[in-house]
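What follows is a set of notes on a single structure, which appears directly below.
There are 2 protein chains.
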Amino acid sequence: MTTMTTPRTGPNEPDRTPHDGKSDAAGSKMIYYFGKSQTEGDSSQKQLLGGKGANLAEMSSLGLPVPPGFTITTQVCASYYAAGKKVPDGLTESVAEHIRLLEQETDKTFGSNENPLLVSVRSGAAVSMPGMMNSVLNLGLTDQSVDGLVQATGNERFAYDAYRRLINMFGDVVMGTDHEQFEAVFDRLKTKYKAVLDTDVPTEGMRELCDAYKEVYRQHTGEDFPQDPYQQLIRAVEAVFKSWNTSRAVRYREINQIAGLKGTAVNVQAMVFGNMGDDCGTGVAFTRNPSTGENEFYGEFLVNAQGEDVVAGIRTPRPVIEMRQWKPEIYDQLLTIKDTLERHYREMQDIEFTVEHGELFMLQTRTGKRTGAAAVTIAVDLVSEELITRTQAIQRIPAEDLTQLLLPSFSEDAKRKAQVIATGLPASPGAATGKLAFTAREAVQRTHDGEQVLLVRKTTSPEDIDGMNEAAGILTSTGGMTSHAAVVARGWGKCCVAGAGELHIDANKRTMTVDGKTFTHTDVLSIDGATGEVMVGEIERSEPTLSREFETVMQWSDEFRTLGVRTNADTPADAKRAREFGAQGIGLCRTEHMFFEADRITAMREMILADNEPDRKRALDKLLPYQQHDFEGIFTAMAGLPVTIRLLDPPLHEFLPHDEKSQEELASEMNVPVQAIQQRVAALHEMNPMLGHRGCRLAVTYPEILVMQVTAIVEATIACKNKKVDAQPEIMIPLVGTRTELATLRELTERTIEDVCKAKGYTDKLDIPIGTMIEIPRAALTADEIAEVADFFSFGTNDLTQLAFGFSRDDINTFLPEYLKREILEVDPFQSLDESGVGQLVEMACEKGRKTKPTLKLGICGEHGGDPSSILFFHKVGLDYVSCSPFRVPIARLVAAQATLQ
Amino acid sequence: MTTMTTPRTGPNEPDRTPHDGKSDAAGSKMIYYFGKSQTEGDSSQKQLLGGKGANLAEMSSLGLPVPPGFTITTQVCASYYAAGKKVPDGLTESVAEHIRLLEQETDKTFGSNENPLLVSVRSGAAVSMPGMMNSVLNLGLTDQSVDGLVQATGNERFAYDAYRRLINMFGDVVMGTDHEQFEAVFDRLKTKYKAVLDTDVPTEGMRELCDAYKEVYRQHTGEDFPQDPYQQLIRAVEAVFKSWNTSRAVRYREINQIAGLKGTAVNVQAMVFGNMGDDCGTGVAFTRNPSTGENEFYGEFLVNAQGEDVVAGIRTPRPVIEMRQWKPEIYDQLLTIKDTLERHYREMQDIEFTVEHGELFMLQTRTGKRTGAAAVTIAVDLVSEELITRTQAIQRIPAEDLTQLLLPSFSEDAKRKAQVIATGLPASPGAATGKLAFTAREAVQRTHDGEQVLLVRKTTSPEDIDGMNEAAGILTSTGGMTSHAAVVARGWGKCCVAGAGELHIDANKRTMTVDGKTFTHTDVLSIDGATGEVMVGEIERSEPTLSREFETVMQWSDEFRTLGVRTNADTPADAKRAREFGAQGIGLCRTEHMFFEADRITAMREMILADNEPDRKRALDKLLPYQQHDFEGIFTAMAGLPVTIRLLDPPLHEFLPHDEKSQEELASEMNVPVQAIQQRVAALHEMNPMLGHRGCRLAVTYPEILVMQVTAIVEATIACKNKKVDAQPEIMIPLVGTRTELATLRELTERTIEDVCKAKGYTDKLDIPIGTMIEIPRAALTADEIAEVADFFSFGTNDLTQLAFGFSRDDINTFLPEYLKREILEVDPFQSLDESGVGQLVEMACEKGRKTKPTLKLGICGEHGGDPSSILFFHKVGLDYVSCSPFRVPIARLVAAQATLQ
């Protein structure tokens, strides 16, 4: 094995001396071999060899039983596209040379009519993209070599079955012939032979089928099925390259925000067969439970089947533990390999294997996808097992996946009363409720129309990606824990129940039947992704209970991190929840929501409709006690921790009804002519409300609103202090663009604080910091001036992103999808902070602000405050804290720790 | 005269040793004396002494006959406000001491019953604000001293007339008693004495009038008219301070964008009287003609009148040249003083003088306001006269005033046929047409409703400021060239005809009668501010002809300036006009206007309504020849100069009709159901269109639009080249926010250019620069990246201002007035570039862009490109050119020169 002596290189993969002198135009090695005789790659080379190829090489080096093969690099795929979809010079020759190496190692000959070498051709990008890329098996079979396979195996039916599978796959994947065309021919043949299952068709029928398939191939491609195995191979390689840019592959990368890859590698590997008889089989497994993280060997296998049969979810496989009965020595060998791999990778693995006539072959290993709960448990367990350190554990948990742990589940009480109509596999945890949607398209449409739906399918395929993404949950009637639906759903943290075999789903009729009862698109079901239960109606949910391991991870995070984590909360209930999740205060308490409740909105509207200051003040006087009460509740829930209250921000028209009926109701309620209301609505109408009369501009033109709000804050603070509750309010003035704006409003705020204290006879010094949002580019640009009159800055990155890009969040969907698809933007800048543009403003404001006032407190309260990659940035530029929604507080704590460790 | 030996200090005015030890709390000298015995101030001290005070001191130093007096500094006014409207400590005493100095110099005694000293109290800020501030004359008269004045003058009627004027003015200005109250009493008295004119009332009546006035005073103030002259004085001083912040003064500063002043100074000066008989008189004059700039002594005087009578426009005065008949020696003395002042100040002066019993007194001199034409002529003449240099001339012309020279005037042909109903004074040049508005309020209202109106008044007063500002022109029936209407209108460059005595204007009845014919608010008149003619109906206008002096100034400017000047033009006609004004190319050619013409809009709408690319392309094919033709015309008009064409920018919905009727018409025209159009309009609706699907975002989603436009540009270029016309197109891609956006579209643009050249068989290299607008903050922030794929940047400062501030230009009026009023913003940032915020982005983008590409061409095409203060900034940050509307090109040329000279 040459690998072990070849010096390992990092992910940059500099050129190596090619072992066979076959390189591309730039001199880069195009193909890496792996096998017993030699192995050139290793697991660090995922960018170049793809995940699958790099790990096949690694396993090969570890001495595991891997069928030999070779990997065409992702760079070749990139060159293929760069040349306008042209196979690079020299590739064909290099492939042929590597086939010769394979022939030597396997002692078989490609295309031989005696003992033919057959290969699989599989895609494999640096990032795993389940089901997205095509593969072709049994390659190398021709009219001539099929006889060789008969001779070599002594199994004629198997040989022709393999040949017809090749023609079918090659026709479908390489030549674009519809799979249905082959199926139709097979169905006719089964009728002829009165066969129910494929396996009922006799050998003679299989030969006939090969001829019929070749005819289908000829009709649809206008040419004969290629009889040159090298031509088959090079065309299959090209097909893999092409599959990199199919719309579904592009879409998958979009949804998963995968960018910056070169292309896919191509793995050509000697075939082993799990379908040559009952001493054959195939399986996929995880080295630990990917749903809970428990340390158990977890997977599924099928006897006498090819690998694709497990993943495709056509037959429901058996739990891997049952291999102990079937082939105990193989099971033990697998357990040993599981340990070897885990010790080697120090990580939970997802493996594929095949048993050919009682001999085990490893076809794949990769880091296993898992739920957030599993990620946490596995990380903590690996620390206990001393395989990794605590800092490694912290760095390894994908913060985003913690959301799954924090999702509510169905309440046990409610579930006891629920009518369970079926139980499938608990494929991806969570609790989802919705009406039934029977196609992906329907799921997308109805979700956009505001419905909550469950996508209900016999099985899902990559074409269903959009619908799966939009649906509240996914329910399938066939397929196992590793089926397409299950894998994709787990990756997203979306609730999924798979393989609920009792269900009979008819997508055409749009019905689902179980136990004689029929459900349609109007029926509501609930699915429990943690138990696999399918229940009738909507079930009450309960708050999640957090595992011991979760608490451990949070504790470790808090030890490592330096960045504070606050929450955005507008109610005492939210404040309480966030505090339980570890929030260290409120970074954004929006006050406008407080005005929408039934008893308040009337006074708010009176205020807006008033055309003079005294009337406005009268209406505000009615709102004062409500606000005071709300603040008291929030201060109490956050006692001892800071609460940043943002003064009224949205434009006033948002509080008035816009449809005629509601306007008439309001008019009669307020005893004014409806025209008065319509006039006010019209007067408040703005062309671009985002850029209009809102934020501190309201406080400048209607200072009495600010005075009322500040009065409420101060009165609530004093009431708390009198009850010995440690209220720590901070007043935040939104949408400031100039120093004078803030200076003017700060003065009014300070005067009001003084006035209220005097009126209330409160003589202690009330130290209420007054700061501002930095959400207007000009504020960031002039942060040095603004800092002169601010005690703190809180970045409003939503608005800052809108203004820095000139994007209206409400309107962006007309062009954003196109921008993402064409990679003009790598990610939606409202999801992850745009570091080079918006981030520059943030950094500039931090520097300028701190230059003026070194003690200036800096935070961020836009939605980016809960986004992992953005949090890393906020740590880097030196913010004191991030503030995010309560459910994202644990994520922020974890990422803050990861940021420190980076 | 101590002044000449006192070392002069610059405008910073450091403290001097107070001559009398009377200083304010901070040790600053509060009062500056001027007179024959000593003079403490000089004309460099305008900030401290106000313009009037500084120049009185200066004239006094020059030995001109100035009545002695003293000036209370603007700092005292500021202290007054800082202390919450409290007269600063020590001021009363200091005033009294200075009165004693005056008594010594005049040999009169304040309040004396033998030979009383009378003084005037006048305001005077650093910037002249005509009519805005109040003054009180004859101060020092009491029941006792009025007898002294009788004794001293031997003219009892005069003395009591002076006393009743004081009571009236003091009551009005100091105590806020309505002037009408006094007038009513006077009217009753005139009836009693059967007097028609004031002058018909006998001495006895004047005494009676004083008593009656004192009674009015008592009734309205609740106290007696003060008999202590010092008390009169200090209260008058305080009234001047107060007048600084009356709403009309604040409004004047707003309109004229005057900010940063401390307050007003107060000038207390010994009275001289122009109304003591027929050997007395008063006048105001300019040392050159303020309308044309001609070097002639130009002004008006009234015999036996007080100064206010001339300015107030109550009596129509006589031309100053007639003084030659009335008092030839005084006239000669004035001519000598005119020369002295011009040689001293090296600038045209605006003077006020009074003749008391044949002795001339100078009451004021200041730099005279003038029209743009006059400014140009005077500057050029002063250079010929070797009083100033060419660089001084260039620096002295207020660039903004050039607009007046470039305004169209009525065509001579049309005027020959016009019906002239009256001829007034040519008070402020220009040509205005409009319906008649009889009050300022009406003028404001109707202008806002979209009408064009002329404000028609007997005379105007400061209360009319708003209406004067809004009206297209101003017409008065009384008052001279120096009346309020005339001075204000000239300052603004607004067309004004004053003192058209034939007109009888009745504001109550809303009629204007002349020659028995009555005009109402529905009638349209035209006024010619250059000739004073008032004409019936709308008169055709013609382009302005530019004077030789104007050409000289432009020539000098071009010699000095380094900044290029281009124009924003969308048509060949505009391009031609701008070129005549000296534009060096087109900096912004908007293409969207080309789609609105009748024959094009249909194809444009077809394009928008198409729901697939082929249909869209078909519609675009129809638009192509129009665009090609437009571009050819523009290239031809600008042959040899660059033409920057901006690709389609506005959101598509702007091209669709929004009202139902037009939608129905369009539907039947296009033969589609109206619902289809409504659906498309609804689909294109955006919450914030400013931040929506527009600019290059359109080109990303509909690349075929870009392809059509670029095709048209290239075809037009080739057509020109074939005709030997030197077309120099530059393609500008709008609203770019990221490098990838521009890179993607640049690639498509380059490919299209190549394709068209190939299709047209054009083999020469077409070198068309491709650049972008910098109008999105993110573009400025990442200009280094964007510059990699841009040949030029053009700053779109309109959008950049919108986004940097988060202000929608369409909606800003709901709060901008309040922001200006409260000085949260000093100026409308859409008028003058906000240097510290938006300017920072501009500067940053220049630096970053040039760092990447030192040859990067930088320009600006937002409306700030024609704003003088913004142009200075653009010069400073190193832009290559500014681009502005054709009429502003000369202004930009001049300012560009001024920028170089700064």
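Chains as they are written, first to last, in the numbering used here: chain A, 1 to 902; chain B, 1 to 902.
Glycine included, every Cβ here is placed at the ideal spot set by N, Cα and C.
- Excluding five sequence positions before and after G281/B, the CB atoms of its chain that fall closer than 7 Å to its own CB belong to G274, F301, L302, V303, N304, A305 and V355, given in chain order.
- Residues of the segment 845–875 of chain B with a C-beta less than 7 Å from any C-beta of chain A: none at all.
- Counting only Cβ-Cβ distances below 9 Å, A804/B has contacts in chain A at G737, I776, P777, R778, L781 and L803, in chain order.
- Per DSSP, I601/A is one residue of the alpha helix (DSSP H) stretching across A598 to L609.
- The beta carbon of N138/A does not come within 8 Å of any beta carbon belonging to chain B, so the residue lies off that interface.
- Between D401/B and T371/B, the beta carbon gap of about 7 Å places them in contact (Cβ cut-off 8 Å).
- Remark: C-beta atoms of V453/A and G434/A approach each other more closely than 8 Å.
- As DSSP reads the structure, G124/A sits in a beta bridge with A265/A.
- Rounded to whole angstroms, the gap between the alpha carbons of P290/B and V487/B is 10 Å.
- The beta carbons of A787/B and K857/B sit about 11 Å from each other, so the pair does not count as a contact at 8 Å.
- Contact between D523/A and L436/A holds, since their C-beta atoms are separated by about 6 Å, short of 8 Å.
- For T740/A, at least one C-beta of chain B is nearer than 8 Å to its own C-beta.
- Cβ neighbours of R590/B within its own chain (closer than 8 Å, five residues either side excluded): N568, D570, R646 and D649.
- DSSP, read as helix, strand or coil, puts G633/A in helix.
- Non-local beta-carbon contacts of E826/A in its own chain, meaning distances under 6 Å to residues more than five positions away in sequence, involve A259 in chain order.
- In the three-state reduction of the DSSP assignment, K52/B falls in the helix class.
- Around the C-beta of Q663/B, 16 or more other C-beta atoms lie within 10 Å, and the residue is accordingly described as buried.
- Per DSSP, the continuous alpha helix (DSSP H) segment holding L745/B begins and ends at R739 to A759.
- Against chain B, the beta carbon of F807/A has neighbours under 7 Å at L691, listed in chain order.
- DSSP places R590/B in the strand class (E or B) of the three-state scheme.
- Boundaries of the beta strand (DSSP E) around K857/B: K857 to I860.
- Residue environment: L745/B is assigned as buried (16 or more neighbouring CB atoms within 10 Å of its CB, all protein chains considered).
- Taking a C-beta cut-off of 8 Å against chain A, the contacting residues of the segment 817–843 of chain B are E818, Y819, R822, E823, I824, L825, D834, S836, G837, V838, Q840 and L841, listed in chain order.
- Annotation for D464/A: A440 place their beta carbon closer than 6 Å to its own, counting only its chain and skipping 5 residues before and after.
- Within the segment 690–714 of chain B, those residues whose Cβ lies closer than 7 Å to any Cβ of chain A are, in chain order, M690, L691, G692, H693, R697, V700 and T701.
- For F795/A, the nearest beta carbon of chain B is not closer than 8 Å to its own beta carbon.
- An exposed status is given to K724/B, since fewer than 16 other beta-carbon atoms sit within 10 Å of its beta-carbon.
- For T814/B, the nearest beta carbon of chain A is closer than 8 Å to its own beta carbon.
- Across the structure, T602/B and E715/B are spaced so that their CA atoms are roughly 23 Å apart.
- A Cβ of chain B is located within less than 8 Å of the beta carbon of T744/A.
- Excluding residues up to 5 positions away in sequence, K190 lie with their Cβ nearer than 8 Å to the Cβ of V196/A in the same chain.
- Taking the Cα of D764/B as reference, the smallest distance to any Cα among I770/B, V756/B and E204/B is reached at V756/B.
- For the pair G205/A and Y193/A, the Cα-to-Cα distance works out to about 8 Å.
- Residue pairing by DSSP places I527/B opposite A432/B and V534/B in a beta bridge.
- Scanning chain A for C-beta atoms nearer than 8 Å to the C-beta of E686/B yields S808, D810, D811 and T814, reported in chain order.
- Membership of T717/B in any beta strand (DSSP E) is not indicated; the residue belongs instead to the alpha helix (DSSP H) covering P703 to N722.
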